[in-house]
Amino acid sequence: DTGVSQNPRHKITKRGQNVTFRCDPISEHNRLYWYRQTLGQGPEFLTYFQNEAQLEKSRLLSDRFSAERPKGSFSTLEIQRTEQGDSAMYLCASSHRDLGAYEQYFGPGTRLTVT
Amino acid sequence: SQQGEEDPQALSIQEGENATMNCSYKTSINNLQWYRQNSGRGLVHLILIRSNEREKHSGRLRVTLDTSKKSSSLLITASRAADTASYFCATESRMDSSYKLIFGSGTRLLVRP
């Protein structure tokens, strides 16, 4: 168990550019979540996958955001035409309730700065 | 929007003292969890309390849950400088099949050596 990993750890981009983040969950975990956290606030839910199926999306996830989890393994979160308001920490978490574990395991996050 | 409020927003104590943080939430829950976050890092799970539990201990941590008041508290006893971090409560809604977590706004704890 190597934990949840996220890449890149930091991303600086200019407004209008597209960015893509990757999350590798703990291998046996079937549930994967994306959250966004702005300075001084708690994380806010963005979207959720069970295996490869994206089952819920927050209204925070505008048309410019898309997430995938091909084959139920790693996940990517893409933001198109970035805006300064997209600057935040993007956190990925995984869990496996079927194993009786209700806690979520978080990755280190990707900090996005849009200039 | 976030589920709950945490109180206080910031807390500064001397090493060795106890730290108490409170959390309030809005909906019926399956469980309530506390997480810790060091500056600029990911979140680390500390402890989970189910809706039918009233108190739980783990090492120097003690969590209470009052579902009638929709509130919880986290007590860290004999604090250490290494406990300096932000602490967040998070709830799993009973109505929610995704089991996503809804976080509070956090308490920033500073433990002075």
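If you read the protein sequences in the order shown, they are chains A and B. All letters in the first sequence, in the order written, are residues 1 to 115 by our numbering. All letters in the second sequence, in the order written, are residues 1 to 113 by our numbering. Note that CB positions come from ideal geometry on N, CA and C, so glycine has one too.
Asked, Found
"Taking B/Q33 as the reference, give the member of B/M95, B/L110, B/Y87 with the closest Cα.", "B/Y87"
"Do A/G70 and A/E52 have their C-beta atoms within less than 8 Å of each other?", "Strictly speaking, residue 70 of chain A in this sequence is Pro, with Gly absent from that position. Yes, Cβ-Cβ distance for A/P70 and A/E52 is below 8 Å."
"With DSSP collapsed to three states, give me the class of B/R108.", "strand"
"If the criterion is Cβ atoms closer than 8 Å, does the pair A/G72 and B/G42 meet it?", "no"
"Taking Cβ-Cβ distances below 8 Å as the criterion, which residues of the stretch 40-52 of chain B are in contact with chain A?", "G40, R41, G42, L43, V44, H45, L48"
"Should A/T47 be labelled buried (16 or more other beta-carbon atoms within 10 Å of its own) or exposed?", "buried"
"Should B/G59 be flagged as near chain A, meaning a C-beta pair shorter than 8 Å?", "no"
"DSSP state of B/A78, grouped into three classes?", "coil"
"Can you find a CB in chain B that lies within less than 8 Å of the CB of A/G109?", "yes"
"List the DSSP bridge partners of A/E56.", "A/Y48"
"Under 8 Å, do B/S79 and B/E6 count as touching if we go by C-beta distance?", "no"
"Taking the continuous beta strand (DSSP E) assigned at A/D24, which residues delimit it?", "19-24"
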